[in-house]
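To keep things clear, I will list the structure first and then write my remarks on it.
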Amino acid sequence: MKHHGFLLVAASLMHTALAHIGIYGVWLNGEFQGDGRNVHVRTPASKINSPVRNPDWTYIACNTLGHREQPAWLEVKAGDTFAPEWFWTERGDFYTGNHKGPLLVYIAPAVSSGPNTPNIWTKLYHYAYNTTDGYWSDDYFRKNAEATKGHHFITIPDIPAGDYLVRSEIITLQEAMNDNGAQHFPSCVQIRVKTKGSAVLPGGVSFPGTYVPLQRGLKWSLATDNPREYPIPGGPVWEGSPGGGIYN
Ligand SMILES: *[C@@H]1O[C@H](CO)[C@@H](O)[C@H](O)[C@H]1NC(C)=O
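Residue numbers (mature numbering (1 follows the signal peptide of the UniProt record, and there is no 0)): -19 to -1, 1 to 229.
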């Protein structure tokens, strides 16, 4: 019994103190595409996403060494539902969002020009706070844990055929009252769009560059700031985005 109790404490500490989360794999139109880590997910060497605390850091785009190409590109077509599955440490240990903050998804043409990417990213989706029910995006992962299973989703836009990176980012704000206290968990998935659309991604977002360390929204007090006024970093969602969401 003693050991059992200790394990429970240890497990809960891992979730709250270390809070290392990442993408395990992707569901395409409801079908799981397998363990994507270091296959089509640009997983950090540790296989776990540690948070990026300084948005000026070289690897804010896709986390540590995230510029390195992985062996596979997930084939998708315009209109597909693309749903990354977030996890803590083991598959099945689905991300349940125990910290409040926004969820953001960006896309960019794949480039192999090193860790710093220029302003090629376009925002496809973001969600922070629902003024009706008072839930942050992370709260939906927990509230609907059985249905959500750590997934959120976007719809693939009708863009030209080619290779792209989809960058999902969970930002947690529990320490954001401190400078560089917001914790960024960016994770990039390699996709190969097979359809030949003509929508032009406007770009305009760079990592690093677009996020400024002390901007309101990255510097933020969950205790004293009004969540109704939360400014989501990274600017507006591209009006051509077919959208996304968190399952609920
Ligand atoms: C906000 O919450 C309300 C009440 O649960 C829900 O009806 C609505 O769809 C939510 N809004 C968004 C944008 O998710």
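We treat Cβ as the ideally placed atom computed from N, Cα and C, and that holds for glycine.
What is the residue span of the beta strand (DSSP E) that Glu127 lies within? Reading the sequence shown from its first residue, position 146 is the one you call residue 127. Segment 126 to 129 is the alpha helix (DSSP H) holding Glu127; no beta strand (DSSP E) there.
Can you list, in chain order, the stretches of the alpha helix (DSSP H) that have 4 or more residues and sit fully within the stretch 172 to 214? none
Under the three-state DSSP convention, the category Tyr116 falls into: Translated into the one-based positions of the sequence shown, residue 116 becomes position 135. Tyr116: coil per DSSP, three-state reduction.
Specify the secondary structure class of Leu(-13) as computed by DSSP and reduced to three states. The count along the sequence shown starts at 1 and reaches residue -13 at position 7. In this prediction, Leu(-13) has a pLDDT of 38, which is less than 50 and means its spatial position is unreliable; nothing more can be read from the coordinates.
Separation of Ser187 from Arg18, as counted between CA atoms: Numbered from its first residue, the sequence shown carries residue 18 at position 37. Numbered from its first residue, the sequence shown carries residue 187 at position 206. Using only the alpha carbons, I get a separation of about 24 angstroms.
Contact defined as beta carbons within less than 8 angstroms: I believe Val218 pairs with Pro65. What is the distance between those atoms, to the nearest angstrom? Position 237 of the sequence shown, counted from the start, is the residue given in the question as residue 218. Position 84 of the sequence shown, counted from the start, is the residue given in the question as residue 65. With a Cβ gap of about 17 angstroms, Val218 and Pro65 do not count as contacting.
Keeping to the same chain, check which residues put their C-beta closer than 8 angstroms to that of Asp120; ignore five residues upstream and five downstream. Reading the sequence shown from its first residue, position 139 is the one you call residue 120. Excluding residues within five positions, the ones whose Cβ falls inside 8 angstroms are Gly78, Lys81.
Pairwise C-alpha distance: His48 and Tyr106: To locate residue 106, count along the sequence shown from 1; it is residue 125. To locate residue 48, count along the sequence shown from 1; it is residue 67. Between Tyr106 and His48, the C-alpha separation is close to 22 angstroms.
Where DSSP assigns a beta bridge to Asp144, which residues make up the other side? By one-based count along the sequence shown, residue 144 stands at place 163. BP columns for Asp144 point to Arg173.
What is the DSSP secondary structure of Arg18, reduced to helix, strand or coil? Residue 18 sits at position 37 when you count from the first residue of the sequence shown. Here Arg18 sits in strand by DSSP.
Helix, strand or coil at Thr39 [DSSP, three-state]: Here residue 39 corresponds to residue number 58 of the sequence shown, with the count starting at 1. If DSSP states are grouped into helix, strand and coil, Thr39 belongs with the helices.
If you run the structure through DSSP and keep just helix, strand and coil, what is Tyr87? Position 106 of the sequence shown holds residue 87. Looking at Tyr87 - three-state DSSP - the assignment turns out to be strand.
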